[in-house]
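Chemist: At the far end of the sequence shown sits residue 269, using this note's numbering, and the numbering has no gaps.
Beta carbons: idealized from backbone N, C-alpha and C, even for Gly.
Being a predicted model, the structure only gives us computed values, none of them experimental.
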Amino acid sequence: VHYRPRTLVINNIEFDHADIFDDLAAIRRQFHHLVRTVPGSGKLIVPTADAEVETTLAMGCWSERERFAPEPVAQGWGARLHHGDGSAFSVLLDGAPVGEVAWAHTGRHNVANALAAIAAARHVGVAPEYACAALSAFLGVKRRMEVRGEVRGVTVYDDFAHHPTAIRTTLEGLRRRVGSGRIVVLFEPRSNTMRMGVHRTTLAAAFAAADRVLLHAPSDLGWSIDEVVAALDGRGAGYADVASLAREAAAMAQAGDHLVVMSNGGFGGLHERLLEALQ
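1) Name the two residues that bound the continuous alpha helix (DSSP H) containing E262.
2) Evaluate T159 with the Cβ neighbour count: other Cβ atoms within 10 Å of its Cβ, from every protein chain shown; 16 or more gives buried, anything less gives exposed.
3) With distances taken from CA atoms, which of D9, H(-8), L24, F11 is nearest I0?
4) Classify R19 as buried or exposed, calling it buried when 16 or more other Cβ atoms lie within 10 Å of its own Cβ.
5) Specify the secondary structure class of Y147 as computed by DSSP and reduced to three states.
6) Quick check on the DSSP output: the alpha helix (DSSP H) that includes P154 runs from which residue to which?
7) Around the C-beta of L129, are 16 or more other C-beta atoms found within 10 angstroms, so that it is buried, or is it exposed?
8) Between E140 and G256, what straight-line distance do the alpha-carbon atoms span, to the nearest angstrom?
9) Look at the Cβ atom of M242, then the Cβ atom of F177, and state whether they are nearer than 9 angstroms.
10) Note down the Cα distance separating V188 from S181, rounded to an integer number of angstroms.
11) Thinking C-alpha only, which one of A64, C51, I157, A117 is nearest N100?
12) Which of the three DSSP states is assigned to F257 in this structure?
13) In chain order, what residues of the same chain lie with their CB nearer than 7 angstroms to the CB of A240, ignoring the 5 residues before and after it?
14) Excluding the 5 residues flanking A151 on each side, which residues of the same chain have their C-beta closer than 6 angstroms to its C-beta?
15) Roughly how far, in whole angstroms, is the beta-carbon of G97 from the beta-carbon of G143, given that I think they are within contact range, below 8 angstroms?
16) In whole angstroms, give me the CA-to-CA distance for M186 and H113.
17) Go to T45, then tell me how far its alpha helix (DSSP H) extends in each direction, as first and last residue.
18) What residue does the alpha helix (DSSP H) around E119 start on, and which one ends it?
19) Over what stretch of residues does the beta strand (DSSP E) that includes S53 continue unbroken?
20) I'd like to know whether the C-beta atoms of L71 and P118 end up nearer to each other than 9 angstroms.
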């Protein structure tokens, strides 16, 4: 660990990067080493209720802690949502309002991210009202529910989510925004952890907010995508090549649909294929 932070944000601790770490305990140990680098005069900004974070901090923490949660809380940073999708909310500190955020992002996970950013900014001298104003003008980053185009009323998104938790929270946020609009997910199991099959038993549940799930099944995948398709109970289908997947998605797309491409890679140019096929 080469970081020497005075302000440290920990959002969550979960198992990933199975090609590097043997188990969750090994990841915990690395976070413990990181926590030890924060000086006693520093601050840790952590969620109010995350069992793995608490277990890690119990291994040793000598710095002040400040907590956050995407709902009203008596102590620490909280939020009162004005819209269920998280696109507008009041920022609370110890239950008292200190600012407002209205932005282009959705999901309780992004509300939590915003609170952590505001808390971190305050620790280095930025008043919450200025942090809230900056977040309200923040348009986001590439590959985080980035709209790649809209054709004939069909919106195509690009999202980097490749862990079941990130997939679930991202789709839940979109569902709250689009209501009954149809969500079609196009997913590539590309990360080393996913290709090893570590998440195959929890992957189907991550797509709960989607109406249809089209999964790419490359020939060198170390496990069968069929078990995920079966667990989706009629909502899923597997495709051996990207071209077939793109054709099927374009053929089924209707005005008002939201096509979410999820991969931490290029996915064989699927975004461009989709937009071209929808023309």
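Modeler: Here's the rundown:
1) DSSP places E262 in the uninterrupted alpha helix (DSSP H) bounded by 260 to 268.
2) Looking at its Cβ environment, which holds 16 or more other Cβ atoms inside 10 Å, T159 is buried.
3) Closest option to I0, Cα to Cα, is L24.
4) Around the CB of R19, fewer than 16 other CB atoms lie within 10 Å, so the residue is classed as exposed.
5) Here Y147 sits in strand by DSSP.
6) Unbroken alpha helix (DSSP H) run through P154: 154 to 168.
7) When all chains shown are included, L129 counts as exposed.
8) A direct Cα-to-Cα measurement between E140 and G256 gives close to 19 angstroms.
9) Against a cut-off of 9 angstroms, the Cβ pair of F177 and M242 comes out as no contact.
10) Roughly 11 angstroms between the two C-alpha positions.
11) Comparing Cα-Cα distances from N100 to each of A64, C51, I157, A117, the minimum goes to I157.
12) DSSP places F257 in helix when its eight states are reduced to three.
13) Closer than 7 angstroms at Cβ, skipping near neighbours: L264, A267, L268.
14) If we look at A151 and ignore the five residues flanking it on each side, its Cβ neighbours are I157, T160, M252.
15) Contact flag wrong, Cβ pair sits at about 23 angstroms.
16) Taken atom to atom, the span from the alpha-carbon of M186 to that of H113 is near 40 angstroms.
17) Segment 41 to 47, the alpha helix (DSSP H) holding T45.
18) Unbroken alpha helix (DSSP H) run through E119: 118 to 126.
19) Note, S53: premise wrong, no beta strand (DSSP E); not H, not E.
20) Taking 9 angstroms as the Cβ cut-off, L71 and P118 do not qualify as a contacting pair.
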